[in-house]
Structures are given as C-alpha cells and as structure tokens.
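As given, the protein sequences belong to chains A and B, one line each in that order. So the first sequence is numbered by this note's numbering: it starts at 1 and just counts up by one. So the second sequence is numbered by this note's numbering: it starts at 538 and just counts up by one. All C-beta atoms in this analysis are idealised placements derived from N, C-alpha and C, irrespective of residue type, glycine included.
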Amino acid sequence: MAGALRLSGVTRRFGPVTALDEVDFALAPGEIHGLLGENGAGKTTLARVAAGILAPDAGQVEIGGEPLGAGGVGGARALGVSMVHQHFSLVPRFTGFENVALFDAAAWTRRGMGSPGYRERVEARAEELGLEVQLDVPVGRMGVVERQRVEILKALMGETRVLLLDEPTAVLAPQEVEGLFAVLRQVARAGAGIVLVAHKLDEVLAAADRVTVLRRGRWVLTGEAAGVSARELAEAMVGAGVDGGGGGVGGGDAGGPGTVGGGGEDVPKSGGMVGEDAPKVGAAGAEQAPEPRAGDDVEVARLRAVTVSTGGPIPLRGVSMEVRRGEILGIAGVGGNGQRTLAAVLAGMRRPDSGEVQLPEEVGWIPQDRSEEGLVNEFTISENVALAVHGSDDYRQGPWLDWASVGETAAALVRDMDVRADSPATPAGVLSGGNQQKVVTGREFLRSGNLLVAESPTRGLDVKATIAVRARIAALARSGERPPGVVLISADLDEILELSDRIAVMVRGRLIPVPREDHNPTAIGERMLSARGDAAP
Amino acid sequence: MAEFGALSSFLVAAVGLAVPLALAALGETVSERAGVINIGLEGSVIWGALGGALGALALGPYGGLAAGALAGGMAALVFAAFAVWLNTDQIITGTAVTIGSLGFTGAVFQSRFGATGLALELPTVPAWEVPLLAQIPVIGPAFFDQAVTAYLAYLLVPVLGWFLFRTRRGLSLRAVGESPEAANSAGVPVVRTRMLAVVFAGLTAGLAGAHLSLVHTGTFAENMSAGKGFIAIAVVVLGRWNPKGVVAAALFFGGAEALQFALQAVDADLPYPLFLALPYVLSLAALAGWFGRSRAPEGLGSAWPRG
C-alpha cells in the first residue's frame with residue numbers, strides 16, 4: 001500500500017548552499033517519525049518541501065501515492081498535508097478563530113465567513129484533541145503555548161493524512177511536551193503519519209516509532225526508535241566517526257557522508273599543530289589549569305556562576321569558566337543548549353542576571369549568523385573592516401578615519417585569508433558564504449588581541465573553506481608572544497576535537513568539563529546526553 | 538434660512554471635493570490591507586483625469602468614466618509589475634510612477650490638443666437627483682444630488698467592508714498584508730493577491746481622476762490631480778484602514794478644503810491655508826495612535842520575493 005509520504009532523491013539548494021542532497025524519506029500511515037539532525041542539517045527544509053512550501057530542485061514528493069508535482073501549498077493541503085511551523089504561520093492581529101478559518105476552505109460559504117456550524121466544529125475539534133484555545137482573542141495577545149495550540153488546531157481541522165511539526169517542543173515546558181505528545185499519539189491512532197522535527201534526542205525517543213537522522217543535508221540513518229541507542233543517534237547527528245579512537249560503539253554506520261576532514265584522532269592537514277601541542281597540554285583535567293603552551297599563564301577571561309534566565313529561550317545556569325592566553329577552549333554540545341547565550345555573554349553583548357564576568361576590553365566575535373550579525377551586506381569589505389577598527393588609534397587621523405590604513409588592512413585581509421573577491425571595494429553581500437566567513441574571521445582577528453569567541457565558525461562552509469578557517473583559528477592561538485585565548489563553540493564534534501586544548505560540553509545551560517583522557521567522541525557524546533536524567537529545568 | 542443656504546452650499550462643495558478622495562482612498566485601503574503602499578496613486582489619478590477626458594470626447598461622459606478608471610488601473614499595473622512582481626522598493630517605485638505619470642499625461646495632452654492654453658470643453662457627467670432623499674433639508678442636496686461617482690463611493694463602503702471582513706478572500710487579503718509568510722503557508726497566493734489589490738486601487742483612483750475632469754471641472758489641465766492621490770493616502774491613515782472610517786475621513790478632508798474656499802470668499806482674517814493643513818495634523822495624530830489602537834497592517838511596505 002502507499003505510504004503516507006514519500007520523498008525520493010529530493011535536492012534543494014539555497015544559492016550556493018545545498019540544504020537537502022538527494023534525500024529519501026518514507027512515512028507510513030499511523031506512525032510518528034522523528035526527524036533528527038543538527039541545526040542546518042536540512043530537517044526544516046525537508047518538512048517545507050513535503051508541505052509544498054518549497055519546491056525541490058530535483059526529486060519527487062508523493063503523498064499517499066499521489067505525486068505532489070508543482071502543486072505548492074494548496075496542492076499539498078488538498079492531499080492532506082499540514083504543517084505546524086516553528087515561526088511565521090499565524091497572523092498576530094487575527095483571532096484564533098480567524099487564523100483557523102483562514103486555512104480551511106470548509107469555513108466559508110459563497111456568501112462569506114461562517115459556514116453554518118463551522119464555529120461549533122472548531123470548538124468540538126479543540127475539545128476532542130484536548131486543546132484549550134480562546135478563539136476570540138487575537139493570537140498576538142496569546143502566550144506561546146496557546147499559540148501553538150491554535151497552530152495545531154488549524155493544522156488538524158481538515159482531513160489530515162500527513163502532519164509535519166517543526167520543532168514543536170522548543171517552546172514547551174516538560175509537562176506541556178507530554179500533553180503535546182498525547183495529542184500526537186491520538187492523531188496517529190486515527191491513521192495520520194506524523195513527522196516530528198527536533199534536535200533533542202530524548203524527546204524524539206519518547207514519542208517516535210521510527211527515527212531518521214540528517215546531517216549537512218544528507219540522509220544518515222533510519223531505524224526503529226526502540227532499536228537505536230541514543231548514543232548512536234547522537235553520533236550520527238554530530239558526525240563523530242565510530243571508527244576513530246572512540247572505543248567500541250556498536251552498530252550504526254554513523255561515519256557516513258558529510259563529515260569534514262575525518263573524525264577522532266585521524267587529524268588531517270590543519271590539525272597538525274594541535275597534534276603536536278596536544279601532549280604538552282597533557283593530563284590536565286578541565287578543572288585544573290592546563291599547562292600553558294608559551295609559558296604565559298595569563299587568564300584573559302573568567303566567568304563565575306553566570307546565570308542568564310531572562311529574554312531568551314535557552315538560559316545559562318551557573319556557568320563558570322576561564323580562558324587563558326594561547327589556548328583553545330572547545331565548547332561542544334547539541335545546538336540549542338545555551339551556546340548562543342554563552343557566546344553573547346562572552347562577546348560582551350549580554351549582561352548576565354547573576355554571576356561574575358571578567359572580559360578584556362575588546363573581544364573578537366565570530367557570530368554564528370554572519371550575514372545578519374557579522375557583516376553589513378551593502379558595505380564593501382573595507383567598510384566592514386572599518387566598522388570593527390574605527391575606534392583604534394591606528395586607524396585615526398585626528399577626528400577622521402584613516403581610510404588609507406583601513407584599505408591596507410582590508411587588502412591584507414583579503415590576501416591573507418584568501419578571500420575570493422576582486423578587491424577590498426567589493427560589497428560583502430556579493431561574496432559567497434565561505435568568503436563572507438573568511439572576512440568576518442579575518443576582521444575579528446584584528447580585534448582579538450586577548451580573546452576570540454568563535455561560534456560555529458565553519459557552519460555552512462564547504463570542505464576547503466572549513467579547513468582554511470580552522471587552520472587560521474589554530475594558528476591564531478599559537479601566534480606571537482601574546483596570543484589570545486580562543487573559545488570555540490561548535491556543534492561539530494570533529495571540529496572541537498581537532499582544535500581544542502580543553503573541552504567542555506554545554507547541556508541545557510550547564511557547562512560540563514571533559515577531562516583530557518575523555519577527549520573522544522564516545523565520552524563526549526555521553527556527556528551531551530547526560531542531562532537526560534539530570535534535574536529538569 | 539440664509540444660514541441654512543450657506544451651510545447647504547458649503548456641504549455641497551465639501552461632498553463634491555470629498556468624492557474623488559473617497560474613491561481613491563477606498564481603493565488604497567484595499568491595497569494597503571494587502572500590504573502595498575502605492576505612492577503612485579497620484580499617477581493613477583492624473584491618468585484617470587486624462588483618460589476620462591479622451592474617453593468622454595470619443596464615447597460620451599459615461600464612456601469617459603470607464604476609460605478614466607481603466608487608465609488609472611493601467612498606471613497601477615505598471616506600479617504593481619515593478620513593486621510586487623519584481624519586488625522593487627514600494628516607496629521609490631510609487632514616486633517614480635507618480636512623477637512619470639504627471640510628465641506623460643502632460644505630453645499626451647499637449648500632443649493631442651497643443652499647448653495653446655485654450656480650455657478644453659468636455660461633456661460632463663450630470664448629477665442624478667435621488668427622489669425623496671434629495672428633498673431632505675441641508676444634507677439632501679449635498680449627498681443625494683450628485684453625479685454617479687458619488688453613489689459609487691457610497692456603495693463601495695458597505696461592499697468593501699463586507700469583502701474585507703466577511704469573506705474568505707478578504708481575510709486572505711488581510712493576512713497577506715499582515716503577514717505574507719503566514720498567508721503563504723496557508724496557501725494564499727501572495728503575489729497575485731497583491732497585484733489584484735493594487736490594480737483595484739488604480740481603478741478607483743482612475744475613477745477619481747475622471748471625476749475631476751468630467752464632474753468637477755469639465756476640462757483637463759496638466760497636473761490637475763493636484764496632490765489628490767497623496768491626500769488619499771493620508772485619508773486612509775486617518776480612516777484607519779477601514780472603509781467606514783476612510784469615507785468619514787474623506788468627508789473631513791473635503792470639508793476642510795471647502796471651508797478654505799469659503800473663507801477665501803468672505804475674506805476672513807485667518808490665513809486660509811491653515812485649514813488645508815489641519816487634516817494632516819490629524820493624520821499624524823491618527824498614526825501616532827491618539828484615536829485608538831488601530832495601526833497599519835504589519836506587513837505594509839514589506840517585500841515578498843516570488844518563489
């Protein structure tokens with residue numbers, strides 16, 4: 001019989017980035033299928049392609065055996081697909097009822113809104129699903145949990161064959177997650193196939209019948225939820241090979257496509273320096289001071305019991321750390337566990353609610369979202385460089401900016417970082433993602449006399465650019481008399497292992513140090529999962 | 538009865554001046570509800586005036602009204618092709634369409650009628666007196682002894698109110714204006730909706746222009762739109778994106794203009810342009826939310842790239 005949903009060889013690109021690379025995916029009626037992967041692995045893109053919101057560049061989408069073709073959202077909807085989005089799918093000024101009705105042709109008669117009995121049907125459906133919603137309140141005035149209920153109600157008003165949920169648990173507290181899963185099980189029992197997009201393992205394992213893992217736009221594995229271990233999944237997600245020095249993780253061909261530069265101890269090219277240095281760092285645990293390389297035991301930054309609980313989805317809970325000159329402190333973890341908040345604190349962009357922060361006056365910061373936070377796309381490379389250095393006396397002549405010096409610096413940056421641009425006068429927006437990242441990296445090096453915070457510095461880059469950027473970061477921490485300390489925040493375990501002198505894992509806003517002898521994928525992966533039994537938030 | 542007479546003639550003038558504003562603003566309300574601010578509305582008005590003049594010479598006054606609406610719609614289609622289809626900046630595109638339209642209509646007019654300055658005489662659209670209603674003292678003649686354009690404006694108020702707030706297409710259109718992302722994910726064709734909304738505004742603005750040449754003056758002159766399109770955009774703001782409010786705001790602006798003419802006639806001590814400025818002050822106050830919390834559609838002016 002026909003599956004609920006089948007994707008065959010689906011490829012979707014965004015400019016130079018391939019978000020989905022010949023992915024196959026099958027969903028059976030009545031199953032809850034967890035779709036796992038890191039940020040940027042292509043989960044959301046897959047769901048949006050299945051919902052007809054994005055057209056695939058290649059490949060086929062079939063719903064209940066019918067090809068979706070160029071049907072778009074309307075076509076997918078007619079075939080019984082609906083999607084619960086993470087963002088942007090409710091109109092804030094419209095009431096709950098209006099938002100539901102907007103989506104559902106059954107709400108309307110030729111003469112206007114309110115086909116007879118529709119309101120009652122919405123109320124009945126909400127009650128049947130146990131979704132408590134105030135239908136006459138504008139969605140913009142609802143809390144996030146109630147908004148999600150509207151979103152789910154909206155998705156389930158019509159006949160639903162496939163229900164796609166994009167990170168539905170990201171906004172929920174644990175008890176609420178249970179409630180959501182109860183709704184999903186009920187919908188699945190009624191025969192619909194459900195795709196649950198998430199990047200938190202424990203949640204998916206709690207709800208799903210089967211799981212599929214994507215990494216960097218490629219399919220990695222599919223299996224029964226009961227038959228795969230959390231560890232296998234974690235390794236499949238972050239791309240840590242089980243072939244390295246990891247030590248006997250059974251099963252699961254996790255070292256599949258998409259990894260950059262191999263895994264574990266098998267350190268390629270740019271990692272040479274780290275390899276040489278590694279023995280010197282020696283047996284120091286993360287708690288103790290690692291032996292400083294250049295005999296320069298200077299602390300450049302220190303956090304003590306830093307807690308951030310307001311204004312963001314992922315809090316920090318009592319994070320303590322210090323960064324010394326010439327070391328790279330790697331912070332691993334599944335994305336969305338507080339890394340971005342930590343980066344903002346380290347970059348001086350975020351004041352903690354409590355705890356002590358000591359930072360150098362100027363911090364180099366390579367943000368994760370470089371095109372939004374890193375560069376002004378309309379500015380030239382020189383102008384973007386000027387933004388970072390205009391406070392420095394080296395680039396001033398009296399009250400004026402010394403454009404000649406800025407230009408020289410920008411030209412040197414283009415040359416040194418191997419930026420593929422015609423000249424420093426090229427607008428940043430026309431550069432490829434990799435070259436933009438090189439510009440940001442080079443520019444932030446200028447500011448990182450004491451501390452550099454690099455947040456997923458190679459995310460979305462191709463292999464060559466990845467190697468180049470990693471080599472630069474490694475070299476920076478070993479440069480000159482007074483090298484800066486580097487905090488490398490990355491979800492890519494290979495990258496962490498390749499570059500770091502010390503490693504800590506970020507889990508649910510806590511920072512867990514990893515002693516030197518545990519610097520391998522298996523041991524780190526266990527710590528990434530350790531919060532499963534940990535005190536819940 | 539003398540005061541009544543003065544009041545009555547003031548009201549007649551006010552309604553006459555308000556009709557083109559109301560027509561253009563009602564169309565623009567639909568366009569802005571769909572998220573497109575059409576600064577090119579002034580261009581549609583002037584094309585409507587010229588189209589009305591040419592159409593009336595060929596087909597008579599009612600043919601002229603239709604031709605004027607069509608001409609305004611065409612100008613709006615040009616704007617929509619750029620600002621909606623090609624996603625150019627709405628404000629800049631609208632300004633270009635307005636300035637271009639003022640130039641082109643002047644050129645067409647001169648090539649057809651020469652630059653002699655001789656006033657063109659056009660067949661005008663007669664007023665229709667509504668039986669009974671026109672007999673109501675004071676307001677009767679003002680509201681119920683007008684040309685067909687006025688009655689169209691009256692009719693549009695409930696029709697648009699019903700469309701925007703009671704129909705699925707209306708809800709979809711408002712969703713496009715509030716949040717194109719949400720509308721798209723609900724399967725609403727954002728680009729098509731916006732194109733149609735803008736062209737509709739062009740049609741009504743063109744009709745407003747034809748009203749100027751065929752009802753108000755019976756002639757065409759270069760630049761005779763005289764900022765009516767821009768004022769209509771202010772009317773939409775003061776009317777808070779709601780057909781009923783918009784028609785009231787149009788009457789208010791029309792009244793201010795009529796008062797200004799009346800004051801010029803009686804040679805009062807007040808500098809009369811002050812009354813032209815008053816509605817704008819109120820528009821700013823409306824924007825700032827002094828008359829309640831109704832704000833512009835959230836997606837107003839936002840781009841929506843195709844594909």
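Nearest candidate by alpha-carbon position, reference residue i, set the options
| i | options | result |
| --- | --- | --- |
| B:G792 | B:L815, B:R832, B:G707 | B:L815 |
| A:P225 | A:A101, A:L201, A:D297 | It should be noted that the sequence gives Ala, not Pro, for residue 225 of chain A. Nearest C-alpha to A:A225: A:L201. |
| A:F25 | A:P515, A:Q60, A:G75, A:R13 | A:Q60 |
| A:G143 | A:P92, A:L79, A:Y118 | A:P92 |
| B:L827 | B:V662, B:G776, B:S722 | The amino acid at residue 827 of chain B is misidentified as Leu; the sequence shows Trp. Nearest C-alpha to B:W827: B:G776. |
| A:D353 | A:G398, A:V306, A:H390 | A:V306 |
| A:L36 | A:F379, A:E235, A:S382, A:V469 | A:E235 |
| B:W665 | B:V752, B:L657, B:V694 | B:V752 |
| A:L511 | A:A425, A:D518, A:A190, A:I331 | A:I331 |
| B:P726 | A:G75, A:G34, A:L497 | A:G75 |
| A:T44 | A:I524, A:V406, A:A19 | A:A19 |
| B:L837 | B:P808, B:V803, B:A734 | B:A734 |
| A:D394 | A:T409, A:Q86, A:G191 | A:T409 |
| A:E132 | A:F94, A:G158, A:V183, A:Q86 | A:V183 |
| A:I496 | A:G525, A:L413, A:R12, A:G398 | A:G525 |
| A:T95 | A:P56, A:I53, A:R149, A:A51 | A:R149 |
| A:Q436 | A:V414, A:R447, A:S405 | A:V414 |
| B:A799 | B:F812, B:L788, B:F789, B:Q627 | B:F812 |
| B:S546 | B:A720, B:R705, B:V675, B:N721 | B:V675 |
| B:L819 | B:V774, B:Q797, B:E794 | B:V774 |
| B:G589 | B:W699, B:Y688, B:L669, B:P660 | B:P660 |
| A:L79 | A:E373, A:R147, A:A4, A:A41 | A:A4 |
Integer-rounded CB distance, given that residue j should sit under 8 Å from residue i
| i | j | result |
| --- | --- | --- |
| B:E835 | B:S716 | 6 Å |
| A:T169 | A:A124 | About 26 Å; that fails the 8 Å criterion. |
| B:A571 | B:L744 | Contact doesn't hold; Cβ gap of about 19 Å is too wide. |
| A:G326 | A:E444 | Not confirmed; about 17 Å, so no contact. |
| B:L558 | B:F757 | B:L558 to B:F757, Cβ: 19 Å. No contact. |
| A:G64 | A:R161 | 5 Å |
| B:G577 | B:A613 | 7 Å |
| B:L563 | B:T741 | 6 Å |
Beta bridge counterpart(s) of residue i as assigned by DSSP
| i | result |
| --- | --- |
| A:S8 | A:Q60 |
| B:F790 | Note: B:F790 sits in no beta bridge, so no partner. |
| B:V818 | B:V818 pairs with nothing; no bridge assigned. |
| B:D682 | B:E666 |
| A:W219 | A:L214 |
| A:L20 | A:R12 |
| B:A561 | The partner list for B:A561 (beta bridge, DSSP) is empty, contrary to what the question assumes. |
| A:E235 | The partner list for A:E235 (beta bridge, DSSP) is empty, contrary to what the question assumes. |
| A:I489 | A:I331, A:E455 |
Test item: CB-CB of residue i and residue j under 8 Å
| i | j | result |
| --- | --- | --- |
| B:E565 | B:T635 | no |
| A:G333 | A:V507 | yes |
| B:A496 | B:G610 | Lying outside 538 to 844, the shown extent of chain B, residue 496 of chain B is not represented and no answer is given. |
| A:V238 | A:E455 | no |
| A:V487 | A:L329 | yes |
| A:V204 | A:A155 | no |
| B:E759 | B:G592 | no |
| A:L451 | A:P367 | no |
| B:L708 | A:A101 | yes |
| A:G193 | A:E31 | yes |
| A:V81 | A:L164 | yes |
| A:F523 | A:P513 | One point to set straight first is that residue 523 of chain A is Ala, not Phe, in the sequence displayed. No, the pair does not count as a contact, with Cβ atoms beyond the cut-off. |
| A:P484 | A:A474 | no |
| A:L46 | A:V73 | no |
| A:P427 | A:N377 | yes |
| B:A679 | B:V783 | no |
| B:L796 | B:A555 | no |
Proximity test, Cβ basis, 8 Å: residue i and chain E
| i | result |
| --- | --- |
| B:A785 | The chain labelled as chain E is not found among the protein chains of the depicted structure, namely A and B. |
Q: Quick one: which unbroken alpha helix (DSSP H) runs of 4-plus residues sit fully inside the stretch 577 to 659 of chain B? Chain order, please.
A: 578 to 596, 598 to 617, 627 to 650
Q: Any chance you could list the beta strand (DSSP E) runs of at least 3 consecutive residues sitting entirely within the stretch 363 to 411 of chain A, in chain order?
A: 364 to 366
Q: Return the chain-ordered ranges of every alpha helix (DSSP H) run that is complete within the stretch 326 to 352 of chain A and spans a minimum of 4 residues.
A: 339 to 346
(Q) Could you tell me which whole beta strand (DSSP E) segments of length 3 or greater appear in the stretch 29 to 106 of chain A? (A) 32 to 36, 58 to 63, 81 to 84
Q | Whole runs of the alpha helix (DSSP H) within the stretch 136 to 195 of chain A, excluding any shorter than 4 residues | A | 144 to 155, 174 to 189
(Q) For a minimum of 4 consecutive residues, which ranges assigned as the alpha helix (DSSP H) are wholly contained in the stretch 492 to 533 of chain A? (A) 493 to 499, 521 to 528
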